[in-house]
Structure formats: structure tokens, C-alpha cells
């Protein structure tokens, strides 16, 4: 039996029976417990009934498409997702990562490579869970507040005014400003990448280091890091041309430039409270 993530449960979501059976065979040989689903709705039922440790998802499914399946899963779960799809263009692969997938393997692929990517995702996602700080993070005078445990964030544009705590009242600005704070939830990969940047605040990190921090598989490229950074900037209201949080350093990578605050009191409310209901990354 493999010593890498033994007996982890993998849900293979693939409508082609022959390929589904082949994936089951190789994953079971690698020491995993394997469940199957031939369409998106069956996959949702399987996730609800017995949550897997990782999903392998084809996007071109009958009925509920793979993209809709991933969106539905991400509303309630952080389970790692590996997309294995015939949609292979750069635009389609980037779109898959933006949905919250942890890796993307275009068809046709080598089944041995898929198994290795499963190993890598489970190994890295398991290790990353113990590396996140326990206390909320606050930056730029409360402009950005993040709870690493729930990955809930609140970000306010400088022209606006903060509106309550996460999980609290989200009423209008005291000064009548039309903008409301951005509130949501980072993906696990985005949270790990942000923590890596913050941990090296002011020091550039190259894309290889950030790819490892984000939990990327060994065969992913620097482009994956650029996608994650782009997603973070979009959620946090940052700008590559005039950044306040993540600065691009040509030929070097990225660095965190937002000043850390002394306290992030208020995020998530009392101890044990969760972030905003229904927020998703």
C-alpha cells in the first residue's frame, strides 16, 4: 500500500465508463479508496452522503456540468478538486482554476501523472492546514481583515467606510458612500499563498516558491501562480498598476506591501463565530 495519503477517499466524476474504470483501477492500486459518479448530480449526492478527500472531475458531464458541480461544492466544502477535462485551452484552464479547482489536467493525459497529482495535492493540502495562523490578520488600518481559520475576508476601498464586523450588521456607510465592503471567502490555495506573502512581507517571493505555498502539483507552471495572484487582487480590490497589497517585481515574483495592523478585533464576532453566511471564494 502506498505510504502517501493511504486510504484517502477519491471520488471520480467521469461519464465515460471505460476511463472511469481505468482511474479506479490505478487509484486503488495506489492505495486509495475510490467512489464513482457518472454525472454531476450523482456526484453531489455522493459528496453529501460520504464526503471524499479529493474529487477528480471531468467538466463535460451530462446534465449538471462540471463547472456547476464545482460551484455547488465550493459553496459548502473546501475539498481538493482536480479537473481532468478535454477542455484544454489556456482560457478554459484558467477558468477552471478560478472556479476553485486545485489543479487542472487536460485530456488526453497519462493516468500515472494523474495519480501523482492526486498524491501531491493531498500531501500539500494536509500539510498546509497546520501552517495557517490562528489569529485574524488586519492590514492598512483595517482596510483588509482576514480570518485564516475560516478564510473569510472583509476589504474596504479607501473612499468607503467600514461597515460592521464579519457576520454582523452590513448596513450602509455612515457617510452615505455607495460602496460596500467586499466580503467573501478565499480558496484554500489563495489563503496559503497570501500567508506565504505576508510571512515574507516586503521580500519578493518567486513563482516557484509561491506555487509550493499554494499547494500546486509538481507539473503546474508559473502561470498558475499568476492566476491565483490575479484572483487575490480581484477579491481584495488590489491593482497591478497601482498596488496597495501585492506588488509585482519584474523578473523576481511578487511581494506583500500592505502594512500589518496590531489587532484585527471584531472579525468573525465572538470566539467560535463563523464568517458571513453563504460567502464563498
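Numbering (this note's numbering), first residue to last: 1 to 281. Idealized CB from N, CA, C, for every residue including glycine.
Residues bridged to residue i (per DSSP)
i: residue 85; result: 106
i: residue 147; result: 152
i: residue 124; result: Residue 124 is not bridged to any residue.
i: residue 35; result: 11
i: residue 64; result: According to DSSP, residue 64 bridges with nothing at all.
i: residue 184; result: 153
i: residue 260; result: 139
Same chain only: Cβ atoms within 7 Å of residue i, ignoring 5 sequence neighbours per side
i: residue 169; result: Any answer about residue 169 is weak, because its pLDDT of 34 lies below 50 and its placement is not dependable; what the coordinates show is given next. Once the five neighbours on either side are set aside, residue 169 has no close Cβ partner at all.
i: residue 249; result: 204 and 255
i: residue 208; result: none
i: residue 46; result: 11, 35 and 37
i: residue 259; result: 139 and 140
i: residue 253; result: 204, 205, 206, 207 and 210
i: residue 228; result: 189, 190, 193 and 214
Contact set for residue i: own chain, Cβ-Cβ below 8 Å, skip 5 residues either direction
i: residue 200; result: 255 and 256
i: residue 63; result: 39, 40 and 41
i: residue 66; result: 13, 40, 57, 58, 59, 60, 83 and 85
i: residue 238; result: 232, 244, 245 and 246
i: residue 69; result: 13, 40, 43, 44, 57 and 61
Cut-off 6 Å between Cβ atoms - residues of its own chain near residue i, not counting five sequence neighbours on either side
i: residue 32; result: 8 and 10
i: residue 143; result: 156
i: residue 96; result: 83 and 104
i: residue 218; result: At residue 218 the pLDDT is 45, less than 50, meaning the model places this residue with poor confidence; the figure from the coordinates comes in the next sentence. Closer than 6 Å at the Cβ level, and outside the excluded window around residue 218, lie 120.
i: residue 92; result: none
i: residue 151; result: 185, 186 and 191
Range covered by the alpha helix (DSSP H) that runs through residue i
i: residue 28; result: 17 to 29
i: residue 96; result: 90 to 98
i: residue 47; result: 40 to 49
Residue-level contact to chain C via CB, residue i, 8 Å cutoff
i: residue 246; result: Included in the structure is just one protein chain, with no chain C present.
Range covered by the beta strand (DSSP E) that runs through residue i
i: residue 255; result: 253 to 256
i: residue 135; result: It is not in any beta strand (DSSP E) - residue 135 carries neither H nor E in the DSSP assignment.
i: residue 11; result: 9 to 13
i: residue 193; result: Premise fails: residue 193 lies in the alpha helix (DSSP H), 188 to 199, not in any beta strand (DSSP E).
i: residue 248; result: 246 to 249
i: residue 142; result: Per DSSP, residue 142 belongs to no beta strand (DSSP E) and is neither H nor E.
i: residue 202; result: Segment: none, residue 202 is in no beta strand (DSSP E) and carries neither H nor E.
i: residue 54; result: 54 to 57
Any non-hydrogen atom of the ligand ZN closer than 7 Å to residue i Cβ
i: residue 76; result: Absence of the ligand ZN from the depicted structure is noted, as is the absence of any ligand whatsoever, leaving it without description.
Buried or exposed by the 16-neighbour rule on C-beta atoms within 10 Å, applied to residue i
i: residue 50; result: exposed
i: residue 286; result: In this structure the chain extends from 1 to 281, so residue 286 is not present and cannot be described.
i: residue 267; result: Any reading at residue 267 must be qualified, since the residue scores a pLDDT of 39, below 50, and its modelled position is unreliable; the value itself is stated next. Residue 267 comes out buried.
i: residue 90; result: exposed
i: residue 172; result: With a pLDDT of only 40 at residue 172, under the threshold of 50, the placement of this residue in the model should not be trusted; the figure read from the coordinates follows. Exposed, because fewer than 16 other Cβ atoms sit within 10 Å of the Cβ of residue 172.
i: residue 99; result: buried
i: residue 17; result: exposed
i: residue 236; result: buried
i: residue 102; result: buried
| request: Report yes or no: do three or more beta-carbon pairs, one from the segment 244 to 254 and one from the segment 106 to 119, lie closer than 8 Å? | output: no
| field | At least 3 beta-carbon pairs within less than 8 Å: the segment 226 to 239 vs the segment 187 to 197 | value | yes
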